[in-house]
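Notes follow the structure.
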Amino acid sequence: MPQIIPIKELKNTSEISELCRSSAEPIYITKNGYGDMVIMSIETFEEQMLMYDIYNRLDSAERDITEGRTKNARESLRSLRQKYGV
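So my numbering is basically just the index in the sequence shown, starting at one, shifted up by 14.
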């Protein structure tokens with residue numbers, strides 16, 4: 015369940031920092047009852063960016079397949095073996 019805190023609680027930076035580090039999810043900050051910001055630990059941010067990169071690569075690979083930009087696996091492996099003498 016996402017954690018939601020009002021913006022006025024950001025004054026206590028030590029508590030907010032600990033909350034970010036103890037939570038594996040982003041923390042949503044509200045202002046006047048509406049979503050305003052999201053904060054998270056560096057670890058959570060890096061994990062999110064890694065997943066974003068993976069999803070982008072998968073999307074690109076699926077487009078390559080759809081558009082016919084593929085190679086025969088056996089021929090590709092044979093070519094690599096010849097190129098690197100394996």
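C-beta atoms are modelled at their ideal positions from N, C-alpha and C, and glycine is treated no differently.
Considering residue i, what are the terminal residues of the alpha helix (DSSP H) in which it resides?
i	result
T58	I56 to T80
I21	Neither: I21 is in no alpha helix (DSSP H) and is coded neither H nor E.
Nearest by alpha-carbon distance to residue i: which of the options is it?
i	options	result
T27	N46, M54, K45 and Y69	M54
Taking the alpha-carbon positions, what's the residue i to residue j distance?
i	j	result
L64	L72	12 Å
Y98	S37	47 Å
T84	L94	16 Å
Could you spell out the range, first to last residue, of the beta strand (DSSP E) harbouring residue i?
i	result
K45	I41 to K45
V52	Y48 to I53
Please report the Cβ distance between residue i and residue j, rounded to the nearest whole angstrom; I am assuming they are in contact, meaning their Cβ atoms lie under 8 Å.
i	j	result
T58	I18	Contact doesn't hold; Cβ gap of about 16 Å is too wide.
Y48	P16	Not confirmed; about 15 Å, so no contact.
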